[in-house]
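Chains as they are written, first to last, in our numbering: chain A, 591 to 1029; chain B, 591 to 1029.
Worksheet: the structure to be examined is printed underneath.
2 protein chains.
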Amino acid sequence: MSYLNETHDPALQSWVASANVADNGFPIQNLPFGVFRRTGGDEAFRPGVAIGDQILDLAALAALQPWTDAAGEALQACASEKLNGLMALGQTHWSALRLALSRALRTGSTMQSALEPLLTPMSQAQMSVPAHIGDYTDFYISLNHATAVGKQFRPDNPLLPNYKWVPIGYHGRASSIGVSGQQFRRPVGQTRPPEDGAQPGFGPCQRLDYEFELGIFVGKGNQQGDRIPVDESESHVFGLCILNDWSARDLQAWEYQPLGPFLAKNFASTISPWIVTLDALAPFRAAFERAATDPQPLPYLQAKNADSAAFDIDLETLLATERSRAQGVEPAVIARSNFKDAAFWNVGQLIAHHTVNGCNLAAGDLMGTGTLSGREAGQEGSLLEACQGGKKPVALPWGEERTFLEDNDEVILRARCSKPGYPTISLGECRGMVLPAKG
Amino acid sequence: MSYLNETHDPALQSWVASANVADNGFPIQNLPFGVFRRTGGDEAFRPGVAIGDQILDLAALAALQPWTDAAGEALQACASEKLNGLMALGQTHWSALRLALSRALRTGSTMQSALEPLLTPMSQAQMSVPAHIGDYTDFYISLNHATAVGKQFRPDNPLLPNYKWVPIGYHGRASSIGVSGQQFRRPVGQTRPPEDGAQPGFGPCQRLDYEFELGIFVGKGNQQGDRIPVDESESHVFGLCILNDWSARDLQAWEYQPLGPFLAKNFASTISPWIVTLDALAPFRAAFERAATDPQPLPYLQAKNADSAAFDIDLETLLATERSRAQGVEPAVIARSNFKDAAFWNVGQLIAHHTVNGCNLAAGDLMGTGTLSGREAGQEGSLLEACQGGKKPVALPWGEERTFLEDNDEVILRARCSKPGYPTISLGECRGMVLPAKG
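Here it is as structure tokens:
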């Protein structure tokens, strides 16, 4: 079997035994980056890399100064509470560090005894948002989602004329982004009045929803005024995570014209703790295809790598409720889809578009893909789509049903890549829970 | 004449002589905060307070530890490259520092000889963005502007039904905010095709505009999930500056549906370097009035201080061009208006609205008011309004005319408060220049 470089050799095994368990998701071929500390401790958060069910402390490893050259420089940038320093170094450094970590963690490595004391079990770790997020942008790259939601907000005009030309995006709120496990109060706000001119409604959101997105962490940025060409744009991406863009549909419907969503989104957004690099995802690249009837993108959005610009990542949404937890029932799978089937624009195009006007990106910036929905029933990336705007409740196996989220509901988003002959690469899990509105 | 407290006594004079010159704008009654360093030096930026044509170095003053209690704590927070630490302390500390600075800088102060070496002439200083801006929000509070622009984007439906109920806002880009003197490349991007389905245009923006806004710097923030009640909200505001929200109208018209402006705005925004505190603006408070035919706001937006929730601030827009500079002609005034006449929502309402859903604000966050336009001709806050969407060019006294901005045009925004018997309080100047698009 051929592979891209030695870090992708499917036969590689780690001296961390749990990394070799089938489908554990964090094999030595993955090596995602996050920020953690021991639960209950008062030590500072620090960067780590996931290996099996363990986390290797990169700040502590940096103190040992095991490497020189690019890998060593990249490691020194991990002597920090966030990953921004590492992110800013760029692709060459990321790949060098990945290779050095792969060699250090593999079976037979002479570094095993030095590294064993630097492991923390994931079960004893608390995770944090892995980077200082300077700016957060949310895109809207799923044609299926745009069409389905468009139908509900604008029945006569679901897909606007710009959709197939412009990777539609808008700025979101960085301050309210939390890491998996985030709990937040149901937002309160204004809702559309029964008729124009009447007093709007006011109170806790009645149509609270999740949105399954992937998050794209920017690595190396660009100077203001410069653009990042589409053929270089992927090298500016540090990696991907899962993102839940919680949405208050009733607040959104009333506030969003003419300047876009605001309070309907900015109360909370949740990301998974591990950033899986594009290096780790390389074996799951796929052709990026548009329908023959769709227009070709403008030249600044045409990359040479279209035959491999998509990523084959399975997405799975689960829901747990107060009742399911009380009954000891497992969370229910309510949707399954795949990134490559859901995306009308690819990662490189988003970076090229974002900077075509000279807008400056910085290490640690986060971009959401927008809700990722497949074409078929059961592939929806939000309840709004699954319940057809509230008309068709989603049945849960323990006897409840949902149109929108109720208090104490927990949404669990999972993403992973798998194919025969290669270890499963997990993006981990993004959990978040709705608490009752503040009284 | 009565005054609010001793810092507002109009008879106060400073031992910095230039602060006592009539209409100099930075008298001892102003004391705005900024961040500066000596031009050409390689020292770090540090906080300073403007007094006359001088800047008092607050980081150096902090090293002298002249005060204890709240003023001393506030001063110690200025031993930093940005104002975020001071901002986070809250109103009590800001007022204490203002009082201590007022006493130290006034004629007869025993601190004069200690402070004189800590002055830098403004003419020898380079200014910087005064805070780390975590999140930037842009509002849309001018009914006149919303109506005038709405007419151009939606002739049949200029003012949407939510406008008089919801303080419309959206998130903007923090990374591209620069300080007065900013120069930026004309943005490039897509424009609406001649007909739906045809290929969009692509190239340098042809309808580049300025927007005269005020910027509101958040001081003390709130915890995620908590709201800031409208009657407390002004105490979370550190102060105001001038903001130019540069806008690419042709890019905006094509991209903004359904999620709002994006590349049309995020290439650059410019702020004035001095933040004038609400304390300094207190003598210029005015009644905040709505027309009798307008609805009363919902209870969460009804503040008890409506009789003083507006600020009487004169706004003036000037334009200089390559030709005017070559001819040695002064920049031309192209519009004049006033904050209190232009605003349909007040500062406190914006903070209360932004947090009603639990969204967390942080020290250093910036909010734009949105374009501030008066009702009459000559009071427009943008060229789009002044030239009626390109139909009626604005004549310049040196023989040129403008519909939108041309390369090397410089826009100069000024704001100040004046009334009989009180020294003029200036918000300073916000200058920015358009460079040609990158080839």
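From the three backbone atoms N, C-alpha and C, an ideal C-beta is built for every residue, glycine too.
Examine chain B for any beta-carbon lying closer than 8 Å to the beta-carbon of residue i, and answer yes or no.
i, result
"A/W755", "yes"
"A/P790", "yes"
"A/L654", "no"
"A/N595", "no"
"A/V778", "yes"
"A/A942", "no"
"A/F774", "yes"
"A/Y730", "yes"
Is the Cβ of residue i closer than 8 Å to any Cβ of chain A?
i, result
"B/Q814", "yes"
"B/L888", "yes"
"B/D884", "no"
"B/G724", "yes"
"B/D786", "yes"
If you draw a straight line from the C-alpha of residue i to the C-alpha of residue j, how long is it?
i, j, result
"B/V739", "B/E975", "7 Å"
"B/E822", "B/G938", "8 Å"
"A/Q847", "A/A870", "40 Å"
"A/A712", "B/I767", "A quick correction: the sequence has Met, not Ala, at residue 712 of chain A. Computed Cα separation, rounded: 40 Å."
"A/P873", "A/F929", "15 Å"
"B/Q772", "B/W836", "11 Å"
"B/V778", "B/A601", "53 Å"
"B/H826", "B/L951", "9 Å"
"B/L709", "B/L648", "10 Å"
"A/A967", "A/S608", "36 Å"
"A/G675", "B/S699", "47 Å"
"A/T737", "A/W864", "31 Å"
"B/R992", "B/L986", "8 Å"
"A/A899", "A/P745", "33 Å"
"A/A678", "A/K810", "5 Å"
"A/D728", "A/M717", "23 Å"
"A/H735", "A/G762", "19 Å"
"A/D599", "A/Q619", "7 Å"
"A/M701", "A/T658", "15 Å"
"A/F828", "A/R782", "41 Å"
"B/R627", "A/V639", "41 Å"
"B/A721", "B/Q644", "20 Å"
"B/F807", "A/G1029", "29 Å"
Problem - chain A contacts made by the stretch 836 to 864 of chain B, where a contact means CB separation under 9 Å - result: A838, L841, W844, E845, Y846, Q847, P848, L849, G850, P851, F852, L853, A854, K855, N856, F857, A858
Exercise for the section: Quick one: which residues of the stretch 746 to 771 of chain B get their C-beta closer than 7 Å to a C-beta of chain A? List them in chain order. Expected result: L750, P751, N752, W755, V756, I758, G759, Y760, H761, G762, R763, A764, S765, S766
Handout entry: Under 8 Å (Cβ pairs) to chain B, residues found in the stretch 946 to 969 of chain A
Key = V946, N947, G948, C949, N950, L951, A952, D955
Practice task
Please go through the stretch 637 to 665 of chain A and give each complete beta strand (DSSP E) segment of 3 or more residues, from N-terminal end onward.
Solution key: 644 to 647
Handout entry: Secondary structure, beta strand (DSSP E): runs of 3+ residues fully inside the stretch 784 to 854 of chain A
Key = 791 to 794, 802 to 808, 827 to 834
Problem - Near-chain A residues of the stretch 657 to 670 of chain B - C-beta to any C-beta below 8 Å - result: none
Exercise for the section: Below 7 Å between beta carbons is the criterion; list the residues of the stretch 997 to 1029 of chain B that meet it against any residue of chain A, in chain order. Expected result: K1028
Exercise for the section: Take every Cβ of the stretch 667 to 686 of chain A, pair it with every Cβ of the stretch 622 to 637 of chain A, and state whether three or more of those distances are shorter than 8 Å. Expected result: yes
Exercise for the section: Could you tell me whether the stretch 1006 to 1016 of chain A touches the stretch 605 to 615 of chain A, where touching means 3 or more Cβ pairs closer than 8 Å? Expected result: yes
Practice task
Within the stretch 860 to 926 of chain B, note down every full beta strand (DSSP E) run reaching 3 residues or more, in order along the chain.
Solution key: 904 to 910
Handout entry: Stretch-stretch touch, CB-based, cutoff 8 Å, three pairs: the stretch 845 to 860 of chain B with the stretch 753 to 761 of chain A
Key = yes
Handout entry: Three-pair Cβ contact test at 8 Å for the stretch 690 to 700 of chain A versus the stretch 918 to 926 of chain A
Key = no
Handout entry: Uninterrupted alpha helix (DSSP H) stretches inside the stretch 692 to 774 of chain B (no shorter than 4 residues)
Key = 702 to 705, 733 to 743
Exercise for the section: Say whether the stretch 791 to 799 of chain B touches the stretch 659 to 674 of chain B, bearing in mind that this needs 3 or more beta-carbon pairs closer than 8 Å, one atom from each stretch. Expected result: no
Practice task
Starting from the N-terminal side, write out each stretch of the alpha helix (DSSP H) that is 4 residues or longer and does not extend beyond the stretch 970 to 1005 of chain B.
Solution key: 973 to 976
Problem - Three CB pairs or more closer than 8 Å across the stretch 803 to 814 of chain A and the stretch 954 to 972 of chain B - result: no
Practice task
Mind the definition here: the stretch 999 to 1008 of chain B touches the stretch 898 to 917 of chain B only if three or more C-beta pairs lie below 8 Å; say whether that holds.
Solution key: yes
Exercise for the section: Would you check if there are 3 or more beta carbon pairs closer than 8 Å linking the stretch 931 to 945 of chain A to the stretch 879 to 894 of chain A? Expected result: yes
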